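One structure is given here, and the rest of the page talks about it.
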Amino acid sequence: MSQLWEKHRLRALLGEPGTALLEGAELRIWQPDPDHAPQAYYLRRRLGPEGLAGLAAQIGLQQGLKPGPAPAGPQGLWQLPAGLSWPDWQATAGAGAQQAQGQLGTLGVWLRAQDGHLQAVLLP
Numbered sequence: 005m006s007q008l009w010e011k012h013r014l015r016a017l018l019g020e021p022g023t024a025l026l027e028g029a030e031l032r033i034w035q036p037d038p039d040h041a042p043q044a045y046y047l048r049r050r051l052g053p054e055g056l057a058g059l060a061a062q063i064g065l066q067q068g069l070k071p072g073p074a075p076a077g078p079q080g081l082w083q084l085p086a087g088l089s090w091p092d093w094q095a096t097a098g099a100g101a102q103q104a105q106g107q108l109g110t111l112g113v114w115l116r117a118q119d120g121h122l123q124a125v126l127l128p
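Oh and the sequence shown: position 115 is 119 in the working numbering, straight run, nothing missing.
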């Protein structure tokens, strides 16, 4: 499926105001079986000067997205699944990284901000 179609589908799955996550985002889709729906969506985008706290406020703290320090060590490892490559993806949380997680629409959402970028993992 095309990236455009998948972004359209993601907008429906995220609901409003969760679609703010997609603004200017690069998207990777993990769909190990082409006959079934994607198993996960990964996105990366630049963050504005307001950082993760500003984005969380925009999409709604009532959704349970409360930024806090990203865990270090194995708990902070966001490895991409086999067969999905993305050179710019930062698997480990760096010093000062912030993280939030919760539910947006019908998706479980994990957000991590570091070095002026947002990485997100979206699971149906």
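The beta-carbon is built from N, C-alpha and C at its ideal position, and this holds for glycine as well.
Because the structure is a prediction, the values reported are computed rather than measured.
Worksheet item: With burial defined as no fewer than 16 other Cβ atoms inside 10 Å of the residue's Cβ, what is the status of leucine 108: buried or exposed?
Response: Against the sequence shown, residue 108 aligns to sequence position 104. Under this definition leucine 108 is a buried residue.
Item to complete: Assess, as a yes-or-no matter, whether the region 35 to 45 is touched by the region 54 to 61 under the definition of 3 or more beta carbon pairs within less than 8 Å.
Response: Contact fails: fewer than three Cβ-Cβ distances are below 8 Å.
Worksheet item: To which residues of the same chain is alanine 97 closer than 6 Å at the C-beta, ignoring the five residues directly before and after it?
Response: Numbered from 1 along the sequence shown, position 93 holds the residue referred to as residue 97. Only Ala74, Gly80 meet the Cβ criterion.
Item to complete: Thinking leucine 122 and arginine 15 are a contact (beta carbons under 8 Å), I'd like their distance in whole angstroms, please.
Response: Here residue 122 is taken as the residue at index 118 of the sequence shown, counted from 1. Here residue 15 is taken as the residue at index 11 of the sequence shown, counted from 1. That belief does not hold up - the Cβ atoms of leucine 122 and arginine 15 are roughly 17 Å apart, past 8 Å.
Fill in: Whole runs of the alpha helix (DSSP H) within the region 15 to 76, excluding any shorter than 4 residues
The region 15 to 76 contains these whole alpha helix (DSSP H) runs: 55 to 63.
Worksheet entry | N- and C-terminal bounds of the beta strand (DSSP E) containing leucine 115 | As a first step, residue 115 must be located in the sequence shown, where it is residue number 111. Taken as a continuous stretch (DSSP letters only), the beta strand (DSSP E) holding leucine 115 covers 111 to 118.
Discussion item. Taking 8 Å as the threshold (C-beta atoms), are alanine 104 and proline 128 in contact?
Written reply: For the purposes of this step, residue 128 is identified with residue 124 of the sequence shown, where counting begins at 1. For the purposes of this step, residue 104 is identified with residue 100 of the sequence shown, where counting begins at 1. Cβ distance not < 8 Å, so proline 128 and alanine 104 don't count as in contact.
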